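Mapped onto the numbering used here, the consecutive letters of the sequence shown carry residue numbers 4 to 521.
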Amino acid sequence: MHSTQPSVPPTERDPRRWVILGVICLAQLVVLLDNTVLNVAIPVLTEDLGASTADVQWMINAYALVQSGLLLTAGSVADRYGRKLMLMTGLVLFGLGSTAATFAQSSGQLIAARAGMGIGGALLATTTLAVIMQIFDEEERPKAIGLWGAVSSLGFAAGPLIGGFLLDHFWWGSIFLINIPVALIGLVAVSALIPETKNPEGDRPDLVGAVLSTLGMVGVVYAIISGPEHGWTSADVLLPALVGLLALYAFVRWELRVPYPMLDMSFFRNRRFNGAIAGGLLVAFGMAGSLFLLTQHLQLVLGYDALQAGLRTAPLALTIVCLNLAGLGAKLLVKLGVARTIAVGMTLLAAGLSAVALLGTEDRGGYGGMFAGLLLMGCGIALAMPAMATAIMSSIPPAKAGVGAGVQGTLTEFGGGLGVAILGAVLGARFAQLLPETIGGSGSLAEALRDADTPRLVAQAHDAFADAVSTSQLIGAAAVFTGGLLAAMLLNRADRAEARDKAAGADADAEAGAGRTL
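If you want it as structure tokens, here you go:
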């Protein structure tokens, strides 16, 4: 890869590199916070904007789906035209989208603003890791990537806490307003500190691939969201599902024959990469969907307000931060290896999600049971996420690190979007199934409570919703556990295959040396 500024060699380390890392992590944190910060605002948005369950899911999914659909294209554009330029462009678009979301007057306006933020988020997410690869040498790079990964985990978990605090003191638009000064500060810092790097001979952007992948993901997830409302066999569900599946099929076919693919299929010949991606996809599915359910569990089942709900998710974020600062994940990674560390982390995470589902109800311990589950979840994330990042980065050539990270980010975002959609659909369908016939088949607790005209029916509606949330959380836990085992199995097989190949190569070299001696 050619660049306008090569990676800094060990003897010429940029003295500003850790400050640059801080700027990059700030941009990364804002992008990831917006994946989860909206969760605690669900009850407020339902009331103030009259948002339905499908509207709320689209408010969350619009950002993730647009971002995931554009990650690969954004990475290609950044490589060709400059990573610093794309970072700055991403910050501008993210700030403009946040401004529009802050002052949205309807569900449709907020969904559109979130989609615009997703474009900026895609540019930011694809360039941060590429910049780290440029400014840190091989000796310091693992530590830098570890801190970058820790911030990513923190951003994913701290969204409900920050959102809860803002909602308790301000109106719901404040959860987007806070992004604007961060974007402005980041814009100034990136302009002053980060060197420009690009690959003038890079691949051309794959616009057809971007359109097909985005169309495919939106079509499939739209069908999943609409299923409980319209019926799984209705034309409103089957038609977008068919369009989405055909678009994804066309995307794969296009990528296999186009000379400048957005998704390099050669990555999937690497067993280590496949293991990390498969596990990451299922883990993202379980985590995003379960956090979507967790905030509803705290607010609609246990009765906490937005700030109280955010504070009660704090043990999850604090556990991740403490264990990452202590370096526990890195130490276990050296001792156990990547595959076993991922397996242990994902098992703890699944156990935590199960504890929240089974012990977090009012009749089984309430928040006490949930607290134990959150601690287990934090331990699992702190162990598994750095190991997963290590598995991915070690499975691709350094020259293609940005593209590989784009693939991983795309599938992770896709998994997260599907997690919210599918587990949200399970929640709605299960809730409608458990409701008394006199209330009807509503998939929204607020609508069911409006139809419940006696205390007994109100209690039955609450019980039905609590049961539906627990069922959906257990499905998320199963996805996380399966993902961990699958990733560990594939990575372990890849390690054994690499060991056999090295042994065979060593034997061949020895035989060749013996032949030359003779």
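Note that CB positions come from ideal geometry on N, CA and C, so glycine has one too. Since the model is a prediction, treat every value here as computed from it, not as a measurement.
- Non-local C-beta neighbours of Ala353 in its own chain, meaning closer than 6 Å and more than five positions away in sequence, comprise Ala480, Val483 and Phe484, ordered along the chain.
- In the structure shown, the three-state DSSP call for Glu501 is helix.
- Of the residues Trp61, Ala244 and Ala358, the one whose Cα lies closest to the Cα of Ser475 is Ala358.
- Bounds of the alpha helix (DSSP H) holding Tyr252 are Ala238 to Arg260.
- Look at the beta carbons and you see the segment 65–78 not touching the segment 318–336: under three pairs across the two are nearer than 8 Å.
- Residue range Ile45 to Asp51 is occupied by the alpha helix (DSSP H) that includes Asp51.
- Each residue's CA atom was taken as its position, placing Val193 and Phe179 some 21 Å apart.
- With fewer than 16 other CB atoms across the displayed protein chains lying within 10 angstroms of its CB, Tyr263 is exposed.
- Per DSSP, the continuous alpha helix (DSSP H) segment holding Gly100 begins and ends at Arg86 to Thr105.
- Taking all protein chains in view, the Cβ of Glu440 is surrounded by fewer than 16 other Cβ atoms within 10 Å, so the residue is classified as exposed.
- Asn273 carries a coil assignment under DSSP once its states are collapsed to helix, strand and coil.
- An exposed status is given to Met268, since fewer than 16 other beta-carbon atoms sit within 10 Å of its beta-carbon.
- The beta carbons of Leu164 and Gly363 sit about 17 Å from each other, so the pair does not count as a contact at 8 Å.
- For the 8 Å CB-CB criterion, Ala291 and Gly422 form a contact.
- A direct Cα-to-Cα measurement between Ile395 and Asp140 gives close to 18 Å.
- Taking C-alpha positions only, Leu210 is separated from Met136 by approximately 26 Å.
- Its Cα nearest to that of Val429, the residue Ser293 stands out among Ala502, Ser293, Asn182 and Gly383.
- Just measuring C-alpha positions, the residue of Ala77, Leu321, Ala500 and Gln60 sitting nearest Ile227 is Gln60.
- Uninterrupted alpha helix (DSSP H) stretches at least 4 residues long and entirely within the segment 259–335 occur at 274–299, 309–315 and 317–329, given in chain order.
- A direct Cα-to-Cα measurement between Glu501 and Leu285 gives close to 25 Å.
- Going by C-alpha positions, Met373 is about 33 Å away from Val185.
- For Pro198, the three-state secondary structure derived from DSSP is coil.
- Per the C-alpha coordinates, the member of Asp498, Arg453, Glu50 and Glu258 positioned closest to Gly340 is Asp498.
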